[in-house]
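Working notes, structure below.
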Amino acid sequence: MIIKTATSNANVNVNANVNVNANSNASVFKLLMQYAQKPELYATGTIQLWEDPHIAKGMLEAHLAPDNDAASRNHQFIDRSVKWLSTLSPVEAAPKVIDFGCGPGMYTSRLAKLGYEVTGVDISENSINYAKEDAVSNNLHINYRNESYLELKDEGLYDWAILIYCDYSVLSPEQRQTLLENIKRALKPGGKLIFDVFTPYQYEPLKESHSWYAENASGFYKDGPHLCLFSHFLYEDDVYLDQYVIIDEMDQVDVIRVWDRSFTVARLQQEIESAGLKLSAYYSNVAGDLYNEASKSLCFVVEKW
Ligand SMILES: C[S@@+](CC[C@H](N)C(=O)[O-])C[C@H]1O[C@@H](n2cnc3c(N)ncnc32)[C@H](O)[C@@H]1O
């Protein structure tokens, strides 16, 4: 499973968290009927994927698992990626780097070991706490900050920035614009941003679908027994939604929404250019593999000018 970001800052249609009385099954029914309908574009859920304390535990395990591509890419890929990034922005010429959505520090710790002056920003308190402890035990000096990159106000500080594992494309158009403004402001003139997104090939065979499963004890999205009703919705303009409706034994109903959109080269170029950034090069991924028409992901290297 690839886990993507639901941010807490979407500015549309926030559904209230509904704790339905165990006896009022009619309300549970109504709510489930409502969640079975296709939601308004970029409607947020009641639980935020990257901030929920229970989900954070499973998410941290997923980041740290060396061989899977769930929350972070597998560690062999990350090693290759960091090697490529360090040739693109050599430490002597571009020592100051910021990682937007650094998670528990998969890239930041490797970059710090190569001598970069690293800042890591992430909204997940659990990930940042892990990253800080890991830095102390490895004697690495990394500036970790538990904050939203949508609120970041840094100005002219960094030679380059990364935003890795298709985090850009989970945001609404307004949030993407805010993020690009924040990144641009944070970079020095001539500074680079390296980031990735999925292409339409990542989602191509997927159709709209609904399915469900039961957890008897605890699951990824909730502690304790619960049901999970899963829906995959498709929208215009290559936007996708994975929705998880969780019903627990107290009849509490929560919804987690994970939005994503895919990009072609032309569409992404248009977006970064309207934010005043310049495309320098593009690749198939953040390890610098050549892009081809069937690539499932796309990595852009863009410049502040
Ligand atoms: C798919 S993970 C990728 C983590 C890391 N870049 C990697 O590849 O190992 C997305 C990360 O973005 C973080 N994130 C999501 N929304 C954020 C926001 N608004 N501000 C800062 N971090 C955010 C999540 O907490 C998570 O650690």
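FYI, the numbering for the sequence shown is 852 to 1156, going by the numbering used here.
The C-beta atom is built at its ideal place from N, Cα and C for all residues, glycine as well.
| Check | Outcome |
| --- | --- |
| Taking only three categories from DSSP, how would you classify residue 880? | helix |
| Taking the straight line between their C-alpha atoms, what separation do you get for residue 975 and residue 884? | 31 Å |
| Can you tell me the Cβ-Cβ gap for residue 837 and residue 993, rounded? I've got them flagged as a contact below 8 Å. | This structure cannot settle anything about residue 837, because the visible part of the chain is limited to 852 through 1156. |
| Pair every Cβ in the segment 1009-1027 with every Cβ in the segment 1111-1119, then say whether three or more of these pairs are closer than 8 Å. | yes |
| Measure the C-alpha to C-alpha separation of residue 1153 and residue 1100 and round it to an integer number of angstroms. | 49 Å |
| What do you reckon, is the C-beta of residue 898 under 7 Å from a heavy atom of ligand 1? | no |
| Does DSSP put residue 1156 in a helix, a strand or coil? | coil |
| Flag residue 1023 as yes when its Cβ comes closer than 7 Å to any non-hydrogen atom of ligand 1, and as no otherwise. | no |
| Among 1060, 1005, 1084 and 913, which one has its Cα closest to the Cα of residue 1039? | 1005 |
| Just to confirm my understanding: we take residue 929, look at its own chain, exclude 5 residues before and 5 after, and list those with CB closer than 8 Å. What are they? | 923, 957, 958 and 961 |
| Of the choices 891, 1124 and 1131, whose alpha-carbon is the least far from that of residue 1032? | 1124 |
| Less than 8 Å between the beta carbons of residue 1046 and residue 1113, yes or no? | no |
| Under 8 Å Cβ to Cβ from residue 1064, same chain only, skipping five residues before and after it: list those, please. | 1078, 1079 and 1081 |
| Which residue from 1129, 1075 and 965 puts its Cα closest to that of residue 1103? | 1075 |
| Run the CB neighbour count on residue 977, radius 10 Å, all protein chains shown included, and call it buried at 16 or more, exposed below. | buried |
| Along the chain, where does the alpha helix (DSSP H) that runs through residue 1035 open and close? | 1024-1037 |
| Run through DSSP, which three-state label would residue 992 get? | coil |
| According to DSSP, simplified to helix, strand and coil, what is residue 924? | coil |
| Is there at least one non-hydrogen atom of ligand 1 closer than 7 Å to the beta-carbon of residue 920? | no |
| Tell me the start and end of each unbroken beta strand (DSSP E) in the segment 1047-1109 that is at least 3 residues and wholly inside, in chain order. | 1060-1066, 1077-1086 and 1090-1099 |
| By alpha-carbon positions, which one of 1086, 925, 915 and 1023 ends up nearest to residue 890? | 1086 |
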